[in-house]
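To keep things clear, I will list the structure first and then write my remarks on it.
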C-alpha cells in the first residue's frame, strides 16, 4: 500500500492526530504534514491588501524559475558591482599603484618583451601570469596592464556561472542561487581582480576546472579525463600548488570507481596524468634548454616549504627566514645564495629546491613541537576573518571605498562555509537537499561528486599547511567555501521552514564555534593595518623618486602607528633626498630608539654622518645609491645556523657555528655581537669585552656594541671607559635605554662633575613630569643640592647590564 494511502487510513482511525505525531510516525516534512491535515493554503490565497506583493512574488518566481534567466541575473549583478568598483578604483591613484609582487610581474613582463620570450634561466616563479601580462603589453602597449585588469574583471563577473552549475549539481538549485549571489558580491573577489596578481586568474579558472573534473568522474570518459589533465597543467602554471590535485584525483579514480576494472581505472589515471604532462612539457623542455636542468615548471617550491616550517616560523608570511630580503625581486637570489653557502658549491635550480625541502625536514625533526605549533597556527589562520596579506591590504581599500563594507566578506564565508563542510558529512543534509523525506543511512547518502569535491578541498588545505598562509594564498579555497556556504544557508532555510528547532540549534552551536575560530586573535592579524598599506605605497614612491609623496605617506603611516620602525627608516632617507638633514636625523634617532638591535640602522647612521654639510644633490644621490641594494649579501650559513641554535638554547653548537662564521667571513659584526652576548651569558666577561671592543674599533657608529661594552665595564665598577663609550650615544639618542643615566654616573665617578651637572639638569627638565622616571629625577635633584658631603658620589649606576 502506498504511503499516502497508509497515512489517509491512519487519519481516518485517528482524526485528532497532531502534526507532531504524523511527522514522528511517517517522517514527513512540516509542509507535507499540513497538506495531509488540510491546513496548507494555496500560495495564491492572500489578502487583497497585499496584491502588489503577489504580483512581485509572481514576477520574481517566474523570472527565477529558469536557470538561464537566473544565471544571467547573477552575472549581471556581478558585472555591475565590478563596474562600480573599477570606477572607484581608477579614480584613486593610491589604489592603482603596482606594489611588491605586482611590480615584480610588470618588470618581468617588460623583461620578456625586451630580452625575448624564451628567456635565459630556469623559472623560479610560475611563469604563466607574467607571460600573459607580457602578451597584453605587446598587444596594447602602455595600456596592457589596464587591459589585463579589465579581463580579470570580466572573468570575475562570470564566476557566478560555474559556481551556480557546480552547486546545483552537488546540492540543489536553491543552494546554487545562494552561492551564485555570494560569488557575484564577494568583496575580496573584486579586490584581487583589480590587482596585477595571479590570484584572481587562479580563482576565476578553478571552478571551471572543478566542473570538468566532476564531469570526467560522472561520465567515466577517457577524453574528459585527458582534457581535465590539460586544464590542471594550466592551473599549475598559474600557481604550482594546484599540482596537488594530480595525486588526489588519481587516488579518487582508484577509490571511487571500484565498479570499473583495475585496468580501466589505470587507463583513466594515465590519461589524466598524460594531459598534465602535455601541458607542462613545453615549459619543462624550455627550462632544460636554458638551464640544463629538469624542472617541470619552477623551482620555488622547496623555499615555500621551508618558509612554512623554518625554526622561527609562525605559519604566516609575516615571519620569513632572516636571510630573505623583504622584496620579491631578491627572493630568488637569496634562496640560491644561502643554499649554496650551506653546501659550498654551485647548485642547479632543482638542487636548490631539494636543499630547502631537506632543510625543512631537518629542522622539523630537530624541533617537532614547533612544527606542530606552526601547523596549528596555520589551521587557525586559514579560517581567520582577517584579510592580512604580504602585498595589498583589503582593509585599506575598504577604507577608501566604503561601500565595500556592504559586500560579503570572509566572516560570512568562514562561518557558513565551515558549517557546510560539517553538513557534507551528515546524511540528513543530503536527505533534505535532495528532497527526500527520510534519511538514507550510511555513505550512500553522500554523492560521489561530493566526495570528489571534498577531496579537492582538503588537498588544497593540505598544501597551505605545508607552506605558508595569508589571505592571498587562501583565496583558492573561497570557491569551495562559497559552495559549502550556499549549502549550509539553504539547509538552514529548510530547517526554518520545517520548524526543526533542535537541528537549527545544533547548526547554530557549530556555527558559533566557527565564528570563534574566525575571530581567534592571532599575532599575524596585526599586519592587516592601514599603516602597512601606507608604508608600502610610501616605499614605492621613495624608490620612484617621488619624495614629496613618500614624505606625506610616511607621516600618515607614523600617525597611525608611532612604533612602525621601517617607516622611520624610510622617512630618514626621504628627508635626506629632500635636503632636510635635521628632519632625517630626527627620524633616525627615533628609529634607533625603537630598533637598537637592528644593525642595518647603523649603516644609516654612518651614511647620515658622512652627509653632514653635503649639498641636497649629493644627499639625493646617496639615497639613490642606498636604495639600489647593488651589493650582493654575504650569505653566512654558519651564522644562520648559530641563530637557530641560539633559538633552541643549544649554546654549545651555537658557539661552534659562530666561531666558524668568524673565521670564514672576515669577522662579521653580527657574529661578533652574538659571540659577545653568548660569552656574557656564560659569565666570560673578558671574552665578551674583547669581541665588543673589536666591533667598536672597526665600527664606532654601532651604538649597540658601545652600549653593551659600557655595561660590562659598569658591572666591574670601571667607569673610566664608560663615559667615552656612551658619549656618542648620549649626544645622538640620549633616551636609548639607560644611556642618559649611566653617562651621567660615569662622568661623576670619573670626577667630571662639571660635565655631569648639565647632563643631569637636562634629564630633570626632560622627565620632571613623567611618573615613570621620577626615581631618577629625584636622585639627580638630590645630587644637585648643596650639601656637606659630595652627594654626586652616592649615585648608583642603573639600566640594562
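Numbering (the working numbering), first residue to last: 499 to 1299.
Cβ atoms here follow ideal geometry from the backbone N, Cα and C, with glycine treated the same way.
Listed as beta-bridge partners of residue 967 by DSSP are 814.
Taking 8 Å as the cut-off, the beta carbon of residue 900 is found no closer than this to the beta carbon of residue 684. In the DSSP assignment, residue 885 falls outside any alpha helix (DSSP H) and carries neither an H nor an E. Within the stretch 1078-1133, the runs of alpha helix (DSSP H) that reach at least 4 residues and sit entirely inside it are, in chain order, 1079-1092, 1098-1108, 1114-1126. Between the C-alpha atoms of residue 784 and residue 616 there is a straight-line separation of about 7 Å. If you draw a straight line from the Cα of residue 1067 to the Cα of residue 1103, it comes to about 10 Å. Annotation for residue 1185: 1177 place their beta carbon closer than 7 Å to its own, counting only its chain and skipping 5 residues before and after. Just so you know, the alpha carbons of residue 575 and residue 584 end up roughly 14 Å apart. The three-state secondary structure of residue 759, taken from DSSP, is coil. Residue 1023: not part of any alpha helix (DSSP H); DSSP gives it neither H nor E.
Around the beta carbon of residue 998, a 10 Å sphere encloses 16 or more other beta carbons of the protein chains shown; the residue is thus reported as buried.
The three-state secondary structure of residue 596, taken from DSSP, is coil. Counting along the chain, residue 865 sits inside no alpha helix (DSSP H), nor does DSSP assign it H or E at all. Per DSSP, residue 748 is one residue of the alpha helix (DSSP H) stretching across 743-754. Taking a C-beta distance under 8 Å as the contact criterion, residue 826 and residue 1033 do not qualify as a contact pair.
In this chain, the alpha helix (DSSP H) harbouring residue 636 covers 626-638.
In this structure, the straight-line span from the alpha carbon of residue 734 to that of residue 741 is close to 6 Å. Under the DSSP assignment, residue 986 falls in the alpha helix (DSSP H) whose first and last residues are 976-995. Between residue 978 and residue 955, the C-beta spacing is below 8 Å. In the three-state reduction of the DSSP assignment, residue 793 falls in the coil class.
Counting the other CB atoms within 10 Å of its CB gives residue 1190 a total of 16 or more, which places it among the buried residues.
Excluding sequence positions up to five before and after residue 632, its CB lies within less than 6 Å of the CB of 607, 610, 611, all in the same chain and listed in chain order.
The shortest C-alpha to C-alpha distance from residue 572 to any of 1010, 634, 654 is the one to 654. One alpha carbon belongs to residue 703, the other to residue 688, and they sit about 15 Å apart. Spanning the alpha carbons of residue 636 and residue 645 requires a straight line of approximately 11 Å. Non-local C-beta neighbours of residue 1081 in its own chain, meaning closer than 6 Å and more than five positions away in sequence, comprise 1073, ordered along the chain. Taking a contact as a CB-CB distance under 8 Å, the pair residue 1036 and residue 1048 counts as one, their CB atoms being some 5 Å apart.
No Cβ-Cβ contact shorter than 8 Å links residue 747 with residue 964. Residue burial is scored here from C-beta neighbours: residue 641 has fewer than 16 other C-beta atoms within 10 angstroms and is therefore classed as exposed. Under the three-state reduction of DSSP, residue 843 is assigned to coil, being neither helix nor strand. Residue 506 is classed as exposed because its beta carbon has fewer than 16 other beta carbons within 10 Å across all chains shown. Per DSSP, the unbroken alpha helix (DSSP H) holding residue 724 starts and ends at 720-736. DSSP places residue 906 in the coil class of the three-state scheme, outside both helix and strand.
Contact check between the stretch 794-803 and the stretch 849-862: three or more CB pairs, one atom from each, fall below 8 Å, which counts as touching. Within its own chain, the residues whose Cβ lies closer than 7 Å to the Cβ of residue 1168, once the five positions on either side in sequence are excluded, are 1097, 1137, listed in chain order.
Excluding sequence positions up to five before and after residue 767, its CB lies within less than 6 Å of the CB of 748, 751, all in the same chain and listed in chain order.
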